[in-house]
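Colleague: Please find one structure pasted underneath; my questions will follow.
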Amino acid sequence: MIQSPAEPLKQTPLTARHRALGARMMPFAGFDMPVEYAGLAQEHLAVRTRAGLFDVSHMGQIEIAGRDALAAVQWVTSNDASRLSINQAQYSALATDAGTFVDDVLVYRLGDGHFLLVVNASNVAKDIAWIGEHCRRFSVAALDTSARYALVALQGPLAFEVLQPLANFDLSTIKYYWFAHGEIAGVRATISRTGYTGEDGFEVFAPPQQAVRLWDAILAEGRDRGVMPAGLGARDTLRLEAAMRLYGNEIDDTTSVLEAGLEWIVGWRKDDFLGRAALAQQKARGLGRMLVGFEMIDRAIARRGYRAYVGGANAGCVTSGTRTPFLERSVGMAYLPVECAAAGAEFVVDIRGRMQRARVVPLPFYKRPRG
Amino acid sequence: MYPVEYKYTKDHEWILMTGATGRVGITDYAQKQLGDVVYLELPQVGRTLVPGESFGTVESVKAVSELYSPVAGEVVAVNTALAEKPEGVNADPHGNWLVEIRLTSPGDLDALLAQAAYVELVK
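Order-wise, the sequence lines are chains A and B. Here my numbering is used: position 10 in the first sequence is -3, and no number is missing along the way. Position in the second sequence counted from 1, then plus 1314, gives you my numbering.
Written out as structure tokens, the structure is:
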């Protein structure tokens, strides 16, 4: 069989920095990415108690602009983008006709007729093709602008006090899920109060040529406060504790927005959009299965892909699971039949041939204390 | 770093013989690859093993890894204290053993790597 040569791994503007910091690197979505530096658990705890700095430049950016930009975004995404002011962002889905996920996205409103979608790295090409195909009747342009942005995320309770001294404006003016344009360490940037860890924090979009300067300045500012670089390993365990869904694990084109427990990103009150009819029908008929959180009763770790059983019958599948560093409990998410999905319900997971008991618990596992 | 009196496998276990029994653990290289160890699944005392047979698993936050017996024999002791505090695998991989095996064919040891060969393998 003839195999096509593997694509060379793409680098972020910070790849050399990660190597210099001694990161363990791994291919992820076609990029050479840092999995961990000092160690996953240490990095996870740093984000929960202090702050951690992530390179998420692999994430994709798609801009939709033109006279019909709002109408196009309203058509291809599930949430109600008309509720966004300029400089505000929302979580949303690119949904199929069946109400399942092409991708999950953050929608930023840059202007009246200008939106930025931040999408999963592995889905950029698929998303841009999808948007192009479904926006032909609108007067808009959709462009993959991923190469224009480096993206770093400073996450944790100290994120604000570390970033503020580097900023040329008052960061407290940026509320949760809002953003602003300004300078960080002298670098022109767009700064949004968003993240994927369950903590307060900021994501900073900057020109790739300035990424190293930005990264170094944030680490230098945070060093005395115990801020450390954090890799994709900690990013995954942090988002799991916060019960944030991961495309490819909890959600994909076989799972609906409602099954994933994300009805809050369905804009029922707006006009028609892709997937609406299917989702409305699903809601009227009732769901067959839904995403739940669970913790293990037995001492074992249920991981992605392990089967769940109720009363001896195959009931579903674990989508993510590990023993998380902050809670120090073995937790996960799984799809279960709705009749087995109430908090407190017990089921078993086949962990490499051994049936181990688990219990449904409310999501999220971790919620940050708010002052 | 890697004790000279130990024997090693290509799967990154070590064995230290005392008389007819040997204590088995995983190497520093293995624990570094795994990252923070959070769970150990170890066999019952009395289980018999053949060389290369899986006798349990070691799990880090991000991955599960099988443990393979370097030798044939019977499990005569299990380090249950370590199973309660699995982070000891990271802290002192060559001091913290997992199981103790009474060998049925001591010749198995000849097939294992000496320290110098193992150091070469993980270089």
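Note that the Cβ used here is the ideal one computed from N, Cα and C, for glycine as well.
To the nearest angstrom, report how far apart Asp240 of chain A and Val89 of chain A are at their CA atoms.
Modeller: Asp240 of chain A and Val89 of chain A: Cα-Cα distance of roughly 6 angstroms.
Colleague: Count the other CB atoms within 10 Å of the CB of Asp259 of chain A; is the residue buried (16 or more) or exposed (fewer)?
Modeller: The residue in question, Asp259 of chain A, is exposed, as its Cβ has fewer than 16 Cβ neighbours within 10 Å.
Colleague: State whether the stretch 151 to 164 of chain A contacts the stretch 113 to 132 of chain A, with contact taken as three or more CB pairs (one from each stretch) at a distance under 8 angstroms.
Modeller: Contact between the stretch 151 to 164 of chain A and the stretch 113 to 132 of chain A is absent, because fewer than three Cβ pairs lie under 8 angstroms.
Colleague: Note down, in chain order, each residue of its chain lying with its Cβ closer than 7 angstroms to the Cβ of Val1375 of chain B, except the 5 sequence neighbours on either side.
Modeller: These residues qualify, in order along the chain: Gly1349, Asp1350 and Val1352.
Colleague: Does the beta carbon of Thr309 of chain A come closer than 7 angstroms to any beta carbon on chain B?
Modeller: Chain B, which has a Cβ nearer than 7 angstroms to the Cβ of Thr309 of chain A, makes this yes.
Colleague: Comparing alpha-carbon positions, which option in B:Leu1426, B:Pro1407, B:Leu1435 and B:Leu1423 lies nearest Lys1346 of chain B?
Modeller: The shortest C-alpha separation from Lys1346 of chain B is found at B:Pro1407.
Colleague: Quick one, which residues of the stretch 1 to 27 of chain A are near chain B if we go by CB-CB under 7 angstroms, in chain order?
Modeller: Cβ contacts with chain B: Glu23, Gly26 and Leu27.
Colleague: Looking only at its own chain, which residues have a Cβ that is under 7 angstroms from the Cβ of Gly119 of chain A, when we skip the five neighbours before and after it?
Modeller: So the list reads Ala129, once near-sequence residues are dropped.
Colleague: Confirm, please, whether the CB-CB distance from Arg1337 of chain B to Glu1414 of chain B is below 7 angstroms.
Modeller: A contact, by the Cβ cut-off of 7 angstroms.
Colleague: State yes or no: is the beta carbon of Asp1406 of chain B nearer than 7 angstroms to at least one beta carbon in chain A?
Modeller: Not an interface residue.
Colleague: Starting from Lys1376 of chain B, find everything on chain A with Cβ-Cβ shorter than 9 angstroms and list it in chain order.
Modeller: Val22, Glu23, Leu27, Gly220, Asp223, Thr224 and Thr309, listed in chain order.
Colleague: Can Leu359 of chain A and Glu333 of chain A be called in contact, C-beta distance under 7 angstroms?
Modeller: Residue 359 of chain A lies beyond the residue range present for chain A, which begins at -12 and ends at 358; the question has no answer from this structure.
Colleague: Can you tell me whether DSSP reads Cys122 of chain A as helix, strand or coil?
Modeller: Note: Cys122 of chain A maps to coil in three-state DSSP.
Colleague: Determine which residues of the stretch 274 to 290 of chain A have a Cβ less than 8 angstroms from any Cβ of chain B, and write them out in chain order.
Modeller: So the close ones are Arg286, Ala287, Ile288 and Arg290.
Colleague: To the nearest angstrom, report how far apart Asp1424 of chain B and Leu1412 of chain B are at their CA atoms.
Modeller: Straight-line Cα distance between these residues: approximately 21 angstroms.
Colleague: Can you tell me whether Ala52 of chain A is helix, strand or coil according to DSSP?
Modeller: Strand at Ala52 of chain A.
Colleague: For Glu1373 of chain B, which residues in chain A fall below 8 angstroms Cβ to Cβ?
Modeller: The answer, in chain order, is Ile288 and Arg310.
Colleague: For the stretch 1330 to 1357 of chain B, enumerate the residues whose C-beta is nearer than 7 angstroms to any C-beta of chain A, in chain order.
Modeller: The stretch 1330 to 1357 of chain B vs chain A, Cβ under 7 angstroms: Gly1349, Asp1350, Val1352 and Tyr1353.
Colleague: For Gly248 of chain A, which option in A:Arg175, A:Gln142, A:Asp285 and A:Pro351 has the closest C-alpha, if you only look at C-alpha atoms?
Modeller: For the residues A:Arg175, A:Gln142, A:Asp285 and A:Pro351, the minimum Cα distance to Gly248 of chain A belongs to A:Pro351.
Colleague: Could you check whether Gln77 of chain A and His60 of chain A sit closer than 7 angstroms to each other, using their CB atoms as the reference points?
Modeller: Here residue 60 of chain A is Val; the residue named in the question, His, does not match the sequence. Their beta carbons are not under 7 angstroms apart, which means Val60 of chain A does not touch Gln77 of chain A by this criterion.
Colleague: Going by DSSP, what residue range makes up the beta strand (DSSP E) through Glu23 of chain A?
Modeller: It spans Phe18 to Glu23 - the beta strand (DSSP E) in which Glu23 of chain A sits, taken as one unbroken run.
Colleague: Determine the direct distance from the alpha carbon of Ala1395 of chain B to that of Gly299 of chain A, and round the result to whole angstroms.
Modeller: Cα to Cα, Gly299 of chain A sits roughly 34 angstroms from Ala1395 of chain B.
Colleague: Do Tyr293 of chain A and Val335 of chain A count as a contact pair if the criterion is CB distance below 7 angstroms?
Modeller: No, these two residues do not count as a Cβ contact at 7 angstroms.
Colleague: Going by DSSP, name the residue or residues bridged to Leu1354 of chain B.
Modeller: DSSP output for Leu1354 of chain B lists B:Val1372 as bridge partner(s).
Colleague: Does the Cβ of Ile1329 of chain B have 16 or more other Cβ atoms within 10 Å, making it buried, or fewer, making it exposed?
Modeller: So Ile1329 of chain B counts as buried.
Colleague: Select from B:Leu1417, B:Lys1437, B:Ala1377 and B:Ala1430 the residue whose C-alpha is nearest the C-alpha of Gly1333 of chain B.
Modeller: Checking every option, the nearest Cα to that of Gly1333 of chain B belongs to B:Leu1417.
Colleague: Runs of 3 residues minimum, wholly inside the stretch 298 to 335 of chain A: which ones carry the beta strand (DSSP E) assignment?
Modeller: For the stretch 298 to 335 of chain A, whole beta strand (DSSP E) runs of length 3 or above, ordered along the chain, are 300 to 310 and 317 to 324.
Colleague: Among A:Thr(-1), A:Leu206 and A:Arg344, whose alpha-carbon lies nearest the alpha-carbon of Arg37 of chain A?
Modeller: Per the Cα distances, A:Leu206.
Colleague: Is it buried or exposed, Gly48 of chain A, if we count other Cβ atoms within 10 angstroms and call 16 or more buried?
Modeller: A small correction: the amino acid at residue 48 of chain A is Gln; Gly does not occupy that position in the sequence shown. Its Cβ being crowded by 16 or more others within 10 Å, Gln48 of chain A is buried.
Colleague: Check the C-beta distance from Val244 of chain A over to Gly86 of chain A and give it rounded, since I have them as a contact under 8 angstroms.
Modeller: Indeed they touch by this definition, with Cβ atoms about 6 angstroms apart.
Colleague: Taking all protein chains shown into account, decide if Arg175 of chain A is buried (16 or more other Cβ within 10 angstroms of its Cβ) or exposed.
Modeller: Burial call: exposed.
Colleague: Which residues bound the beta strand (DSSP E) around Val1385 of chain B?
Modeller: Where Val1385 of chain B is concerned, there is no enclosing beta strand (DSSP E), given that its DSSP letter is neither H nor E.
Colleague: At a cut of 8 angstroms, does the stretch 141 to 151 of chain A reach the stretch 212 to 222 of chain A through at least three beta carbon pairs?
Modeller: Cβ pair count under 8 angstroms is three or more, so yes.
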